[in-house]
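A.B. asks: This is the structure I have questions about; it appears just below.
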Amino acid sequence: MKHIGVIGCGTMGLGIAQVAASNNHSVFIYDSFPSAIDKARINLNKTLQTLFDKEKISKEKWDQIIANITWCIDLNEFKNCEFVIEAIVENFSIKKTVFENLSQIVSDTCIIASNTSSLSITSLASCVKNPKRFIGVHFFNPAPVMPLVEIIPGIQTEENSLTLSKQLIASWKKEIVVAKDTPGFIVNRIARPYYGEAIRIYEENLASKEYIDQTMKKLGGFKMGPFELMDFIGHDVNYAVTESVWTAFYFEPKYKPSLSQKRLVEAAYLGRKSGRGFYNYEDVGHESKDIELDLEKSTMIFERIICMLIHEAADALYLEIASKEDIETAMCKGVNYPKGLLHWADEIGIEKCVSILNYYYNLYHEERYRCSAILQMMAKSKITFFNHNVSVCL
Ligand SMILES: NC(=O)c1ccc[n+]([C@@H]2O[C@H](COP(=O)([O-])OP(=O)(O)OC[C@H]3O[C@@H](n4cnc5c(N)ncnc54)[C@H](O)[C@@H]3O)[C@@H](O)[C@H]2O)c1
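Just so we're aligned, residue 9 is where the sequence shown starts under the working numbering, counting upward by one.
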């Protein structure tokens, strides 16, 4: 495939266009707002300048990337594209109109992909002529840097569209995982307890945010604690993802958003980008304060959060959202977890994970802590994720 179309030249669209242009595709990028195109051109040049200054690209490569990109103010310029990725605002009806228009322009065999984080691929596929060629390709921010891409076939997507999409994205040197079309796909679903359980511990006043952050870094080896990470992602984005996963799962209690985070959004304390979130970034050095951790207390915090994460990963496997290997790759490459959660489960011991989850279920009597069938059956049969064939216990 030579001609690639990208719709939307905001954060994700521009990043994806840069990736495709760096891999020698002829890229057509369209945005309905001319000011967004002007801004994107400036941003791309800034990015390439930085890469050049750091000696990551040559002047020739810089020129080649720029020459490979055609900035479009008319979607009709996409008529020869063989693969189009949509990365516009996360709004179903706006995306629907764009897909309906695009369907009239490109050939019936052109693959149409969406970078949506939260909308159903199946519902978006229904907006195009020939939904068999529609697929989800979910890049992570920043797209040129993050190695992971989740590929999500809708129920209408035919095998050939999946194969061609995998081939194309792999040729861009990305790590591919395939996910079932369910809310949050793999990463945004499995990662929820890292934020939600940490906030819950904090709201219950069992530990401070600093204490929880340092626990997860020191005991778990995570690069950022949950509160630092939420501040980094931005509470508007992180809260919106939690709320959308919760709503899309028919208000499943384990994904319930928190009032603490909602209040931050209401106050426009969005995290690093606004100077204040859970932490105040004007207060220099707040993160470096080292806290002496009490082993019993920090172990309790670590085990509670990690078991909720393991539970989510195990459930995703049980519900066939993705393969064992893809679940591990997704969490290590999409959110930089220090190791895969299913390997972590084997290391901690499945029986121990089950007993920790049951402890919280008995304590709170809340659905949030009910233990997945897969973990219970594995504990009973004394099998692990990687030394046994898990399906034998199901
Ligand atoms: N930002 C992230 O971290 C991230 C990560 C993965 C996926 N996504 C998804 O990628 C998509 C884009 O997100 P973003 O963060 O790049 O948004 P953004 O706001 O940075 O960019 C959206 C762009 O779409 C343009 N646009 C709006 N309506 C349009 C239309 N009708 N036709 C053409 N262009 C239009 C806007 O002018 C803007 O330039 C969303 O679906 C989002 O869920 C975002």
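Ideal placement from N, C-alpha and C gives every residue a C-beta, glycine not left out.
Computed from a prediction, not measured in an experiment: that's the story for all the values here.
(1) What is the rounded straight-line gap between the Cα of Gln384 and the Cα of Val186?
(2) Taking Trp254 as part of the alpha helix (DSSP H), name the residues at either end of that continuous run.
(3) Looking at Ala133: is its Cβ nearer than 8 Å to the Cβ of Ile15?
(4) Hey, Ala387 and Ile313 are a contact pair by Cβ (cut 8 Å); roughly how many whole angstroms apart?
(5) Around the C-beta of Ala275, are 16 or more other C-beta atoms found within 10 angstroms, so that it is buried, or is it exposed?
(6) Does the segment 307-324 touch the segment 353-371, meaning 3 or more C-beta pairs lie closer than 8 Å?
(7) Would you call the segment 299-309 and the segment 150-168 touching, i.e. three or more CB-CB distances under 8 Å?
(8) Sorry if obvious, but does the Cβ on Ala133 come closer than 7 Å to a heavy atom of ligand 1?
(9) For His146, count neighbouring Cβ atoms within 10 angstroms of its own Cβ and tell me buried if that reaches 16, exposed if not.
(10) Quick check on this structure: which residue in Lys332, His319, Lys360 has the alpha carbon closest to the alpha carbon of Val398?
(11) Kindly list the residues whose CB is nearer than 7 Å to the CB of Gln222, restricted to its own chain and excluding five residues on each side of it in sequence; keep chain order.
(12) For the candidate residues Asp189, Asn76, Leu325, Asn366, whose alpha-carbon lies nearest to that of Gly348?
(13) Glu85 and His11: beta carbons closer than 8 Å?
(14) Are the Cβ atoms of Ser126 and Val273 separated by less than 8 Å?
(15) From the DSSP output, in three-state form, read off Ser126 for me.
(16) Starting from His351, follow the alpha helix (DSSP H) in both directions and report where the run begins and ends.
(17) By Cβ distance, which residues of its chain are closer than 6 Å to Phe286, with the 5 residues on each side in sequence left out?
(18) If I measure Cβ to Cβ from Thr337 and keep anything under 8 Å in the same chain, skipping five residues before and after, which residues do I get?
(19) Just grab the DSSP bridge partners of Pro451 for me.
(20) Any heavy atom of ligand 1 closer than 7 Å to the Cβ of Gly21?
(21) Output the distance between the C-alpha atoms of Ile335 and Leu172, rounded to the nearest integer angstrom.
(22) Helix or strand or just coil, what does DSSP make of Phe193?
(23) Under 6 Å Cβ to Cβ from Lys4, same chain only, skipping five residues before and after it: list those, please.
(24) For Leu267, count neighbouring Cβ atoms within 10 angstroms of its own Cβ and tell me buried if that reaches 16, exposed if not.
(25) To the nearest angstrom, report how far apart Val245 and Asp82 are at their CA atoms.
(26) Using C-beta distances below 7 Å, list every residue in its chain close to Tyr247, excluding the 5 sequence neighbours before and after it, in chain order.
(27) Would Pro42 be called buried (16 or more neighbouring beta carbons within 10 Å of its own) or exposed?
(28) Can you name, in chain order, every residue of its own chain whose Cβ lies under 7 Å from the Cβ of Ser282, other than the five neighbours on each side?
(29) Determine which residues share a DSSP beta bridge with Trp79 and list them.
(30) Using a Cβ-based criterion (distance less than 7 Å to any ligand heavy atom), does Ser126 qualify as near ligand 1?
(31) Within 10 angstroms of its Cβ, does Phe393 collect 16 or more other Cβ (buried), or is it exposed?
(32) Please work out which residues of its chain come closer than 8 Å, Cβ to Cβ, to Lys104, disregarding the five sequence neighbours upstream and downstream, and give them in chain order.
(33) Check the DSSP bridge columns for Leu156 and list the partner residues they point to.
(34) Quick check on Arg200: does DSSP put it in helix, strand or coil?
(35) For His319, which beta-bridge partners are listed by DSSP?
C.D. replies: The structure says:
(1) If you number the sequence shown from 1, residue 384 lands on position 376. If you number the sequence shown from 1, residue 186 lands on position 178. Going by the C-alpha atoms only, they are around 26 Å apart.
(2) By one-based count along the sequence shown, residue 254 stands at place 246. First-last of the alpha helix (DSSP H) with Trp254: 243-256.
(3) In the sequence shown, the residue the question calls residue 133 occupies position 125. In the sequence shown, the residue the question calls residue 15 occupies position 7. For Ala133 and Ile15, no; Cβs fall outside 8 Å.
(4) As a first step, residue 387 must be located in the sequence shown, where it is residue number 379. As a first step, residue 313 must be located in the sequence shown, where it is residue number 305. Going by Cβ atoms, the distance from Ala387 to Ile313 rounds to 20 Å, so no, they are not a contact pair.
(5) Taking the first residue of the sequence shown as 1, we reach residue 275 at position 267. With fewer than 16 other Cβ atoms within 10 Å, it is exposed.
(6) yes
(7) no
(8) As a first step, residue 133 must be located in the sequence shown, where it is residue number 125. No - ligand 1 has no heavy atom lying nearer than 7 Å to the Cβ of Ala133.
(9) Residue numbering aside, residue 146 sits at position 138 when the sequence shown is read from its first letter. So His146 counts as buried.
(10) In the sequence shown, residue 398 corresponds to position 390, counting from 1. Nearest C-alpha to Val398: Lys332.
(11) Within the sequence shown, the letter at position 214 stands for residue 222. Result list for Gln222: Gly233, Ile299, Leu301, in chain order.
(12) What you label residue 348 is simply residue 340 of the sequence shown in a count that begins at 1. With distances taken between Cα atoms, Gly348 lies closest to Leu325.
(13) Counting from 1 along the sequence shown, the entry for residue 85 is found at position 77. Counting from 1 along the sequence shown, the entry for residue 11 is found at position 3. No, these two residues do not count as a Cβ contact at 8 Å.
(14) For the purposes of this step, residue 126 is taken as the residue at position 118 of the sequence shown. For the purposes of this step, residue 273 is taken as the residue at position 265 of the sequence shown. Not a contact, by the Cβ cut-off of 8 Å.
(15) Taking the first residue of the sequence shown as position 1, residue 126 is located at position 118. Reduced to three states, the DSSP call for Ser126 is coil.
(16) By one-based count along the sequence shown, residue 351 stands at place 343. Its alpha helix (DSSP H) spans residues 349-356.
(17) Your numbering for residue 286 matches position 278 in the sequence shown. The answer, listed in chain order, is Lys217, Phe235, Asp239.
(18) The residue labelled residue 337 in the question sits at position 329 within the sequence shown. Taken in chain order, the residues that qualify are Leu156, Glu183, Val185, Gly348.
(19) Residue 451 is absent from the structure shown; the chain starts at 9 and stops at 402.
(20) On the sequence shown, position 13 is the one that residue 21 refers to. Yes, since a heavy atom of ligand 1 falls inside the 7 Å radius drawn around the Cβ of Gly21.
(21) Along the sequence shown, read from residue 1 onward, the residue named residue 335 stands at position 327. Along the sequence shown, read from residue 1 onward, the residue named residue 172 stands at position 164. Going by the C-alpha atoms only, they are around 22 Å apart.
(22) Reading the sequence shown from its first residue, position 185 is the one you call residue 193. Phe193 falls in the coil class under three-state DSSP.
(23) This structure gives no information on residue 4, because the portion of the chain shown stretches from 9 to 402.
(24) Counted from its first residue, the sequence shown places residue 267 at position 259. Flag for Leu267 reads exposed.
(25) Counting from 1 along the sequence shown, the entry for residue 245 is found at position 237. Counting from 1 along the sequence shown, the entry for residue 82 is found at position 74. Using only the alpha carbons, I get a separation of about 30 Å.
(26) Position 239 of the sequence shown, counted from the first residue, corresponds to residue 247. For Tyr247, where only same-chain residues beyond five positions count, the Cβ hits under 7 Å are Pro265, Gln269, Lys270, Val273.
(27) Your numbering for residue 42 matches position 34 in the sequence shown. Answer is exposed; the Cβ neighbour count stays below 16.
(28) Residue 282 sits at position 274 when you count from the first residue of the sequence shown. So the qualifying residues of the chain are Ala276.
(29) As a first step, residue 79 must be located in the sequence shown, where it is residue number 71. DSSP lists Ile37 as partners of Trp79.
(30) As a position in the sequence shown, residue 126 is number 118, starting the count at 1. Yes, the beta carbon of Ser126 sits closer than 7 Å to at least one heavy atom of ligand 1.
(31) Position 385 of the sequence shown holds residue 393. Classification for Phe393: buried.
(32) Along the sequence shown, one-based indexing puts residue 104 at 96. Only Leu132, Cys135 meet the Cβ criterion.
(33) Reading the sequence shown from its first residue, position 148 is the one you call residue 156. Note: Leu156 sits in a beta bridge opposite Glu183.
(34) Position 192 of the sequence shown, counted from the first residue, corresponds to residue 200. Arg200 falls in the helix class under three-state DSSP.
(35) As a working note, residue 319 is residue 311 in the sequence shown. None, per the DSSP bridge assignment.
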